[in-house]
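A.B. asks: This is the structure I want to talk about, given as structure tokens.
The following block contains the structure:
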């Protein structure tokens, strides 16, 4: 028989209060700073998909907790190519042993284009995403970015002859498209390299196609001219059907009467 019901109630309430306080502490730390064996950590995802960066962080924390060694963590990243698998272009990992504070900072590249890559023989192909550092990422990267509203416009397509995605073309296209202002880049619908290595750009201007012939060379110079031409035409409420820039010293613009 319990002689003091007040004390009994306090004994029942105490564990509930302690559990509540524990839940509150866990809730606060999970919003960016977490505790694992007395080690706090914080993550900065930048423009990376949080799902991919978060998965990577959990793997690295698990690795760090074994020996409390940053060297082991960085070795694991390189050995297992974790940065490539999680779409990371650069990262910084810092640890303060006095405060027991671990900080992960990630950066991810901006997606530029969709590209169809043909395997040897040209019978099979797969789609990839060309990003600003010139690498080709799995299409999952685009899906993750869109899911988190970190990509809200359509990516243009890069069309190539079978087997023509060599390093030089990849580098040249990356430099050309990556150097465009985002406002202009959003007007791109398709970028085409033909068998003679000539460049053609299809623009979407007010939902109307406009073909731009860039020729074999001087693409950067011609692109600067193209941006000025498009800006002027838009101010005049005109949509060119064809812009011929194959000769950088002579610009030919043709209009479609239907527009």
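Numbering (the working numbering), first residue to last: 15 to 273. Idealized CB from N, CA, C, for every residue including glycine.
1. Helix, strand or coil for residue 169? Go by DSSP, reduced to three states.
2. Which residue or residues does DSSP assign as beta-bridge partners of residue 218?
3. Would you mind sorting residue 269 into buried or exposed? The rule is 16 or more other CB atoms within 10 Å of its CB.
4. Can you say whether residue 55 is buried or exposed, counting buried as having 16 or more other CB atoms within 10 angstroms of its CB?
5. If you check the beta carbons only, do residue 218 and residue 236 fall under 8 Å apart?
6. Going by DSSP in three states, residue 102 sits in which element: helix, strand or coil?
7. If contact is defined by three or more beta carbon pairs under 8 Å, each pair taking one atom from either stretch, is the segment 154-169 in contact with the segment 112-120?
8. Short check: CB of residue 117 to CB of residue 66, under 8 Å?
9. Going by DSSP, name the residue or residues bridged to residue 127.
10. Please list, in chain order, all residues of the same chain as residue 248 whose beta carbon is under 6 Å from its beta carbon, the five residues on each side excluded.
11. In angstroms with no decimal places, state the Cα-to-Cα distance between residue 14 and residue 78.
12. Pick out whichever of 260, 240, 215, 245 has its Cα sitting closest to the Cα of residue 229.
13. Got a sec? Which residues, its chain only, sit under 8 Å from residue 192 by beta carbon, not counting five neighbours each side?
14. If you check the beta carbons only, do residue 225 and residue 190 fall under 8 Å apart?
C.D. replies: Reading off the structure:
1. In this structure, residue 169 counts as coil in the three-state DSSP scheme.
2. Beta-bridge partners assigned by DSSP to residue 218: 223.
3. Result: exposed.
4. The residue is buried, with at least 16 neighbouring Cβ atoms inside 10 Å.
5. Result no, Cβ atoms of residue 218 and residue 236 do not sit closer than 8 Å.
6. In this structure, DSSP gives residue 102 a state outside helix and strand, which the three-state scheme calls coil.
7. In the pairwise beta carbon analysis, the segment 112-120 is classified as not touching the segment 154-169: fewer than three pairs are separated by under 8 Å.
8. Cβ distance not < 8 Å, so residue 117 and residue 66 don't count as in contact.
9. For residue 127, which the question treats as bridged, DSSP gives the partners 144.
10. Answer for residue 248: no residue qualifies.
11. Absent from the model: residue 14. The displayed extent of the chain is 15 to 273, so no value can be given.
12. In terms of Cα proximity to residue 229, the closest of 260, 240, 215, 245 is 260.
13. These residues qualify, in order along the chain: 124, 126, 146.
14. Going by beta carbons, residue 225 and residue 190 fall outside the 8 Å limit.
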